[in-house]
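Numbering (UniProt numbering), first residue to last: 1 to 188.
All residues carry an ideal CB built from backbone N, CA and C; glycine is no exception.
Computed from a predicted model, the values in this text were never measured in an experiment.
Structure first, then comments.
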């Protein structure tokens with residue numbers, strides 16, 4: 001009983017503080033519990049892993065939604081490969097006129113604007129007094145060329161707070177470009 005994990009409070013905290021050599025000496029004497037219980041004594045450690053699983057599930061759902069749209073619009077891009085390459089908080093999909101047709105929940109978290117507010121607007125509504133004209137010009141020129149690009153622009157949240165936003169914009173192609181997808185994240 002004395003080596004049973006269920007009977008030892010805070011053992012996980014103690015074990016995580018051991019060096020690799022110390023842990024290897026102790027490990028053979030510890031019996032794993034037959035029944036897994038919630039680690040309420042180390043809730044912070046458990047929640048870290050749980051939050052990671054939730055984030056992965058959300059990203060998987062977002063990818064599936066984008067792949068649904070790809071099927072609907074017959075995009076030939078390999079979007080499954082694009083997702084792992086991009087670290088993002090928000091995803092915006094626009095038509096060629098840059099009218100927003102879809103955003104993920106991360107967009108609302110990052111900007112403070114609701115999804116419904118963003119629909120049918122151009123992403124220019126995020127620009128404000130701190131947005132540099134040179135950044136807007138570079139983005140406009142690259143969009144006109146319809147080539148993938150990455151740029152940093154100063155956008156503004158709903159509350160007026162300015163933030164630097166890295167955008168990775170990729171044209172979505174049927175026989176020709178029909179839409180754009182932007183992977184966005186706040187940068188410091």
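query                                                                                                                                                                           : result
By the DSSP assignment, the beta strand (DSSP E) with residue 166 in it spans what residues?                                                                                    : 162-173
DSSP puts residue 180 in a beta bridge; with which residues?                                                                                                                    : 94 and 171
Please classify residue 126: is it buried, with 16 or more other beta-carbons within 10 angstroms of its beta-carbon, or exposed?                                               : buried
Note down the Cα distance separating residue 128 from residue 87, rounded to an integer number of angstroms.                                                                    : 25 Å
Suppose only complete runs of 4+ residues qualify. What are the alpha helix (DSSP H) ranges in the segment 38-85, listed by chain order?                                        : 43-73 and 79-85
Drop a sphere of 10 angstroms on the beta-carbon of residue 84, count the other beta-carbons inside from all chains shown, and report buried for 16 or more, exposed for fewer. : exposed
Pairs of beta-carbons, one from the segment 60-73 and one from the segment 143-150, closer than 8 Å: are there three or more?                                                   : no
Does the separation of the CB atoms of residue 100 and residue 118 fall below 7 Å?                                                                                              : yes
In the DSSP assignment, find the alpha helix (DSSP H) that holds residue 141 and state where it starts and stops.                                                               : 133-145
To the nearest angstrom, report how far apart residue 52 and residue 174 are at their CA atoms.                                                                                 : 34 Å
Do you know offhand how far residue 155's Cα is from residue 172's?                                                                                                             : 23 Å
Distance, Cα to Cα, residue 25 vs residue 55?                                                                                                                                   : 36 Å
Can you give me the Cβ contacts of residue 160 inside the same chain, cut-off strictly under 8 Å, excluding the 5 residues immediately before and after it?                     : 128
Please report the residue range of the beta strand (DSSP E) in which residue 117 lies.                                                                                          : Counting along the chain, residue 117 falls outside any beta strand (DSSP E), though it belongs to the alpha helix (DSSP H) covering 115-118.
Which residue comes first and which comes last in the alpha helix (DSSP H) that contains residue 151?                                                                           : That residue, residue 151, is in no alpha helix (DSSP H); its beta strand (DSSP E) goes 149-156.
What is the C-beta distance between residue 135 and residue 151, in whole angstroms, given that I count them as a contact (C-beta under 8 Å)?                                   : 7 Å
Determine the direct distance from the alpha carbon of residue 131 to that of residue 186, and round the result to whole angstroms.                                             : 14 Å
Check each candidate in 110, 105 and 93 and name the one with the smallest Cα separation from residue 122.                                                                      : 93
Any idea if residue 104 is buried or exposed, counting beta-carbon neighbours within 10 angstroms, 16 or more meaning buried?                                                   : buried
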